[in-house]
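Structure first, commentary second.
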């Protein structure tokens, strides 16, 4: 079954702890993205990666870190420096990123991880 | 990316067509119209996209006006499972950057 998986679906952490959210895709997509969604709000871009071993900050990267050591994996770490980490986190991927054309640019999303910091 | 305007909410009876409008009066020539939907507590789902011609797939049809300043997403036979927030997004294809999800339209399909 092809797709994007995120685990776990729900995650609880104590304030001050770092936590890593998993995102895996078996679609052979080059580009991967992390978004954050707060209640009643749209999605905001945290980080994105166009290719293995390369990634760029999005609009709200402070307090987050990522790695892209493998094409199929793009984990997101929420550090203790993130002021308001409680949110719904969404991972997405597309065949290509920049200069890819319409069909290769379409982003497909995983089911999301709901992080609650107590 | 061009700004879009959508009604905040709409209702539709099950089995009827749901027509969701979107205004994008400042769209430029190389910007595409994309539609996504998000069912509560799930990740957004891609529906369809187009440039200027009408498009149809197994989920929906996209009608874009000749001047490209507005579009309509049509779900031909709405079911209860189509209840979701629908987002109209206008962007340059291949820009490889974030999707700008606004507030969208909350569609409620009723029995």
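Protein chains in written order, with our numbering: chain A, 1 to 118; chain B, 119 to 229.
The beta carbon of each residue, even a glycine, is placed where N, CA and C say it ideally should be.
In this text, all values refer to a predicted model and were calculated from it rather than measured experimentally.
- Query: By a C-beta neighbour count over all protein chains shown, 10 Å radius and 16 as the cutoff for buried, is residue 94 (chain A) buried or exposed?
  - Reply: buried
- Of the residues A:38, A:39 and A:77, the one placed nearest residue 16 (chain A), counting alpha carbons only: Cα-wise, what sits closest to residue 16 (chain A) is A:77.
- Message: Can you pull out the residues from the region 134-165 of chain B whose beta carbon lies closer than 9 Å to at least one beta carbon of chain A?
- Response: 150, 152, 154, 156, 159, 160, 161, 162, 163 and 164
- Which value, in whole angstroms, describes the spacing of the CA atoms of residue 108 (chain A) and residue 118 (chain A)? 30 Å
- Message: At the 8 Å Cβ level, is residue 112 (chain A) part of the contact set with chain B, yes or no?
- Response: yes
- DSSP beta-bridge partners for residue 57 (chain A)? A:47
- May I ask you to report which of helix, strand or coil DSSP gives residue 129 (chain B)? Residue 129 (chain B) falls in the strand class under three-state DSSP.
- According to the neighbour-count rule (16 or more other Cβ atoms, all chains shown, within 10 Å of its Cβ), is residue 136 (chain B) buried or exposed? Buried, since its Cβ has 16 or more Cβ neighbours within 10 Å.
- Message: Below 8 Å, how does it come out for the region 20-32 of chain A and the region 67-85 of chain A: are there three or more Cβ pairs, yes or no?
- Response: yes
- Task: Could you name the residues of the region 168-197 of chain B whose beta carbon sits closer than 8 Å to any beta carbon of chain A, in the order they occur along the chain?
- Result: The residues in question are 169.
- Message: Just verifying my parser: in three-state terms, what is the DSSP assignment at residue 199 (chain B)?
- Response: helix
- Item | Best match in B:145, B:218, B:200 and B:206 for proximity to residue 177 (chain B) [C-alpha to C-alpha] | B:200
- Item | Backbone CA spacing between residue 4 (chain A) and residue 160 (chain B) [nearest angstrom] | 13 Å
- Using a Cβ-Cβ distance under 8 Å, would residue 115 (chain A) count as near chain B? With its beta carbon at least 8 Å from every one in chain B, residue 115 (chain A) lies outside the interface.
- Message: Using 8 Å as the cut-off, can you tell me whether the region 121-133 of chain B makes contact with the region 161-175 of chain B, which would need three or more C-beta pairs spanning the two stretches below that distance?
- Response: no
- Cutoff 6 Å; reference residue 114 (chain A); Cβ partners in own chain excluding five residues on either side: 10 and 88
- Please name the residue or residues paired with residue 32 (chain A) in a DSSP beta bridge. A:49 and A:93
- Item | Residue burial classification, residue 36 (chain A) (beta-carbon count within 10 angstroms, cutoff 16) | buried
- For chain A, is any of its Cβ atoms less than 8 Å away from the one on residue 221 (chain B)? yes
- Message: Let me check understanding here. Comparing Cα to Cα, which of B:204, B:188, B:152 and B:185 lies closest to residue 174 (chain B)?
- Response: In this structure, B:152 is the residue among B:204, B:188, B:152 and B:185 with its C-alpha nearest to the C-alpha of residue 174 (chain B).
- Would you mind stating whether residue 82 (chain A) and residue 64 (chain A) have Cβ atoms separated by less than 8 Å? With contacts defined as CB atoms closer than 8 Å, residue 82 (chain A) and residue 64 (chain A) qualify as a contacting pair.
- How many Å lie between residue 142 (chain B) and residue 218 (chain B) at the Cα? 13 Å
- Between the Cα of residue 232 (chain B) and the Cα atoms of B:197, B:193, B:204 and B:188, which residue gives the shortest distance? As displayed, chain B neither begins before 119 nor continues past 229, which places residue 232 (chain B) out of reach and without an answer.
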